[in-house]
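Read the structure below first, then the notes.
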Amino acid sequence: MTSHPYRDGFAPVTEEITAYDLEVTGRIPAELNGRYLRNGPNPLSLDDPSASHLFLGEGMIHGVRLRDGRAEWYRNRWVRNAAVARRLGEEPRSTLTHEGMDFAPNTHVLGIAGRTLATVEAGALPYEMSYELDTIGPCDFDGGLPGGFAAHTHLDPATGELHAMAYFFGWDHHQHIVLDDKGTVVRTRDIPIADAPMLHDFALTEKYVVIYDLPVTFSMAHAEQGASLPYAWNPGHASRVGLLSRATGEVSWVEVPPCWVFHTLNAYDDGDQVVVDLVRYPQRFVDARLDLGGTPTLDRWRVDPVAGTFTETRLDDRAQEFPRMDERLTGRPYRYGYTAAARDLIDVVYPDDTELEDLPDEAFDNTLIKHDLAAGTQQARQFGRGAYVGEPVFVPSGEAEDDGYVLTFVNNPDRGAADLVILPAQDFTGDPVATVHLPVRVPLGFHGSWVAD
Ligand SMILES: [Fe+2]
1 MTSHPYRDGF
11 APVTEEITAY
21 DLEVTGRIPA
31 ELNGRYLRNG
41 PNPLSLDDPS
51 ASHLFLGEGM
61 IHGVRLRDGR
71 AEWYRNRWVR
81 NAAVARRLGE
91 EPRSTLTHEG
101 MDFAPNTHVL
111 GIAGRTLATV
121 EAGALPYEMS
131 YELDTIGPCD
141 FDGGLPGGFA
151 AHTHLDPATG
161 ELHAMAYFFG
171 WDHHQHIVLD
181 DKGTVVRTRD
191 IPIADAPMLH
201 DFALTEKYVV
211 IYDLPVTFSM
221 AHAEQGASLP
231 YAWNPGHASR
241 VGLLSRATGE
251 VSWVEVPPCW
261 VFHTLNAYDD
271 GDQVVVDLVR
281 YPQRFVDARL
291 DLGGTPTLDR
301 WRVDPVAGTF
311 TETRLDDRAQ
321 EFPRMDERLT
331 GRPYRYGYTA
341 AARDLIDVVY
351 PDDTELEDLP
361 DEAFDNTLIK
371 HDLAAGTQQA
381 RQFGRGAYVG
391 EPVFVPSGEA
401 EDDGYVLTFV
411 NNPDRGAADL
421 VILPAQDFTG
431 DPVATVHLPV
441 RVPLGFHGSW
451 VAD
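In terms of the numbering used here, the sequence shown opens at residue 1 and continues consecutively.
Below you can see the structure in the form of structure tokens.
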């Protein structure tokens, strides 16, 4: 194998570390009691087949525990599915799977009703982790989950309902899953969808679950050719967005131009219409390749299920990804969003031999952006070369929407190790409130959460 995607910011680490009483510059806010957790692909070996695709590396969770103004510990742990457990000389935790799929989830890590769950899409079960990030085992929510789960979920802040959309290449439908605030599966609904499309994220409003049905579908042809992730751009599959009524379960479909969406920033109802803010690609997975399909932009969709109309507005045309917001306003009108523009996170946009100096102007690197959607303005906070800045997680502090902190890992190339940077969201380009110095590098990864104690 001459080429693998785990280079530069994504280069995996080879050891699990535990470090206590971390050095801090600044002052950790005393109200931050809990854990900042982040998941990402970290292949056990670059010679393994799992290292052939960025989405297939074994999941590793990096966590920092904050308490009473101190950074108590840093830990990084592989998620031990059966194969990882055996490789590390341990017993597999369980034989529980959906359809025999046992994957070490690498995409997100969530606090759900007191559980810490590593999640992934496409049919495998989540894995439950202990507070200290030891693997407990696969989780089907005490038998409540009919199939697999999802990487991304959305919590209704008013009802405490957690929503997920599951998909699996062997299904003729996607599955909407609702958990109550105790983490019990209280409702599932199958939504017939042709061609087994990929569905990475969705959106939630007070009235609707918003389902993206876009032309990236399971490809038997690519599977037979040995593609490690056989999903491909499929011009024969119509693009549409579905509004699943939370009241009646009926779905209204509205046609949209062909495109691809990994991530939702937020969505809300506006009269009879639905506003969805998201990161959109012109195409993706062309010929089952992750690196073809154009630049991601922050866009606003307005969907009218009654009139059957759709409009799209560009909010920011700079290449960016990993949108997050104040989740107290999930599904509600909101003002602020946060995104990341790390070249490696969206490296797939550029050919391998593009040098940083050659990147077009819109390619911010190592930058976090705060969007003021009411004013139509952005603040960009740039970190240095080699910082490999990741997803900005917002943690509320006061009442106001942006009264809180933005947390992310930032690597310090001089030290050869990462910092957990805690930024004041209202002074986004000012000094960090605190910088927690970790003893080791943290590779770029995918998603994370602040899980309050
Ligand atoms: Fe994602």
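Backbone N, C-alpha and C define an ideal beta-carbon position, used for all residues, glycine too.
Note that the structure is a prediction, hence the values are computed from the model and not measured.
beta-carbon residue i near ligand 1 non-hydrogen atom, thresh 8 Å
{"i": "V201", "result": "Just to set this straight, residue 201 is Asp in the shown sequence, not Val. Within the cutoff, so yes."}
{"i": "F446", "result": "yes"}
{"i": "T107", "result": "yes"}
{"i": "A151", "result": "yes"}
{"i": "H163", "result": "no"}
{"i": "H263", "result": "yes"}
C-alpha gap between residue i and residue j, whole angstroms
{"i": "I177", "j": "T119", "result": "14 Å"}
{"i": "Y405", "j": "I422", "result": "6 Å"}
{"i": "D361", "j": "P12", "result": "Confidence in D361 is poor, its pLDDT being 45 and thus under 50, which makes the residue's placement unreliable; the coordinate value appears in the next sentence. Spanning the two alpha carbons is a distance of roughly 29 Å."}
{"i": "H237", "j": "H98", "result": "27 Å"}
{"i": "M1", "j": "D47", "result": "Residue placement at M1 is flagged as unreliable, the pLDDT there being 39, under the threshold of 50; a coordinate-derived value is accordingly withheld."}
{"i": "G448", "j": "G183", "result": "19 Å"}
{"i": "L438", "j": "Y74", "result": "7 Å"}
{"i": "H485", "j": "V210", "result": "In the structure displayed, the chain extends from 1 to 453; residue 485 sits before or after that span and is not available."}
{"i": "R280", "j": "E91", "result": "42 Å"}
{"i": "Y167", "j": "T25", "result": "44 Å"}
{"i": "V436", "j": "V216", "result": "40 Å"}
{"i": "F285", "j": "D304", "result": "29 Å"}
{"i": "L278", "j": "G89", "result": "42 Å"}
{"i": "V186", "j": "T205", "result": "19 Å"}
{"i": "N412", "j": "G386", "result": "7 Å"}
{"i": "E255", "j": "W301", "result": "12 Å"}
Cβ-based neighbour list, residue i, same chain, cut-off 6 Å, excluding 5 preceding and 5 following
{"i": "V306", "result": "D272"}
{"i": "R87", "result": "L44"}
{"i": "F383", "result": "N366, V389 and V410"}
N-terminal and C-terminal residue of the beta strand (DSSP E) that residue i is part of
{"i": "H222", "result": "Unbroken run through H222 is the alpha helix (DSSP H), M220 to E224; no beta strand (DSSP E)."}
{"i": "V442", "result": "V442 -> no beta strand (DSSP E), and no H or E assigned at all."}
{"i": "A417", "result": "A417 to P424"}
{"i": "A380", "result": "T377 to Q382"}
{"i": "V210", "result": "Y208 to D213"}
{"i": "D48", "result": "Premise fails: D48 is in no beta strand (DSSP E) and is neither H nor E."}
{"i": "Q175", "result": "H173 to L179"}
Residue i Cβ short of 8 Å to ligand 2 heavy atom set
{"i": "A341", "result": "For ligand 2, the structure offers nothing, since it holds only ligand 1."}
Chain-order list of residues whose beta-carbon lies under 7 Å from that of residue i (same chain, five-residue window excluded)
{"i": "A164", "result": "F149, A150, T153 and I177"}
{"i": "S50", "result": "P43, L56, G57 and E58"}
{"i": "G394", "result": "The residue you asked about is not Gly; residue 394 is Phe in the sequence shown. Hits under 7 Å: R324, M325, D326, Y338, G404, V406 and A425."}
Classification of residue i by the beta-carbon crowding that lies within 10 angstroms, buried from 16 upward
{"i": "M220", "result": "exposed"}
{"i": "V451", "result": "buried"}
{"i": "A232", "result": "buried"}
{"i": "R35", "result": "buried"}
{"i": "M400", "result": "Here residue 400 turns out to be Ala, not Met, going by the sequence shown. Label assigned to A400: exposed."}
{"i": "E391", "result": "buried"}
{"i": "P134", "result": "A small correction: the amino acid at residue 134 is Asp; Pro does not occupy that position in the sequence shown. When all chains shown are included, D134 counts as exposed."}
{"i": "P443", "result": "buried"}
{"i": "Q225", "result": "exposed"}
Residue i - containing alpha helix (DSSP H), residue span
{"i": "A11", "result": "That residue, A11, is in no alpha helix (DSSP H); it is neither H nor E in DSSP."}
{"i": "R87", "result": "A82 to R87"}
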